[in-house]
Every structure is written in C-alpha cells, then in structure tokens.
C-alpha cells in the first residue's frame, strides 16, 4: 500500500427521534430555511379528532345536548379533553383542508392543535407555518 492512508472521521448530526402514528420519525432541529416535507397521507389521529369535534359541534347546534359538560357526560369522557378537541372546530378552513388532504407537516400532531391554538386564523397559520 504505497502512500495510501485511511483516515477515520465522524459526522455528527443533531437530531431526535419522535413517535408519530406508530412510526418513528427523525426530527432535525434547524432545517436552515428548508421547508418541511408534507406528510404522504392523512394522519388518522388528526382526522378522527376533527371528525369528533365537528360531530360534537352538530350535536350542540341541534340541541341534542345543551352544553359541553352534558356532552362530555354523554360521551363518557373528561370535559377538559372534550373542550380541547372541540376547539378544532375553530381551525382555519385551509388548515382543515391541508389536514384532510394529508399535506400537513410531518411534525404536526394533535397535541399541537389542542394546546394554546389561537382563535384568529392568521395567527394559526403563523404558528403552523413556523
């Protein structure tokens, strides 16, 4: 081996693993302005939550139940959880469409939408688009 040297080098990439829909995703912290690739298909958890929220809204609007507390009792679930899911009915229509089409960022999870989501659509878009 005349003059050939083999050097070892290490490449470190900061990342974290996150469970999403039963799969593990690699999350890279700073994408340097590169947009997040949309999900390849709709997220079942998000779809079910949206469906429940809108069903509950119809139940309230039709008078089938008188309040969120009565609805929580009828559904046998915690009133706090129900009210957080119910807030999904306040999402901007284009955000709902994005979720229904499966074009939401891979990192978007139900917890992101349930906690401290503003009512104003422009603010929602700002939060979700980074």
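In the working numbering, the protein residues as written are 1171 to 1300.
Just so it is clear, CB atoms sit at the ideal spot from N, CA and C, and this is done for glycine as well.
In angstroms, rounded to a whole number, what distance separates the CA positions of residue 1186 and residue 1260? So the two alpha carbons sit approximately 31 Å from each other.
Which two residues bound the contiguous beta strand (DSSP E) that contains residue 1193? Looking at the DSSP string, the run of the beta strand (DSSP E) that includes residue 1193 is 1193–1197.
Look at residue 1262 and residue 1291 and say whether their C-beta atoms are less than 8 Å apart. Cβ distance < 8 Å, so residue 1262 and residue 1291 count as in contact.
Would you check whether the ligand ADP has a heavy atom nearer than 7 Å to the C-beta of residue 1265? Questions concerning the ligand ADP fall outside what the structure shown contains, since it holds no ligand whatsoever.
On a CA-only basis, which of 1266, 1287, 1252 and 1297 is nearest residue 1217? Give me that one, please. Nearest C-alpha to residue 1217: 1266.
Do you know whose CA, among 1213, 1282 and 1252, lies nearest residue 1224's CA? Closest by alpha carbon: 1252.
What residue range is occupied by the uninterrupted alpha helix (DSSP H) comprising residue 1225? Unbroken alpha helix (DSSP H) run through residue 1225: 1214–1232.
Terminal residues of the alpha helix (DSSP H) in which residue 1284 lies: In the DSSP annotation of this structure, the continuous segment of the alpha helix (DSSP H) that includes residue 1284 starts and ends at 1280–1284.
As a quick exercise: from 1247, 1257 and 1212, pick the residue whose alpha carbon is nearest that of residue 1284. Of the listed residues, the one whose Cα sits closest to residue 1284 is 1257.
Kindly list the residues whose CB is nearer than 6 Å to the CB of residue 1211, restricted to its own chain and excluding five residues on each side of it in sequence; keep chain order. Contacts found: 1272.
Reducing DSSP to helix, strand and coil, say where residue 1263 ends up. If DSSP states are grouped into helix, strand and coil, residue 1263 belongs with the helices.
What does the alpha-carbon distance come out to for the pair residue 1197 and residue 1235? Using only the alpha carbons, I get a separation of about 42 Å.
Could you spell out where the alpha helix (DSSP H) holding residue 1330 opens and where it closes? An answer regarding residue 1330 cannot be provided, because it is not within the stretch 1171 to 1300 covered by the chain.
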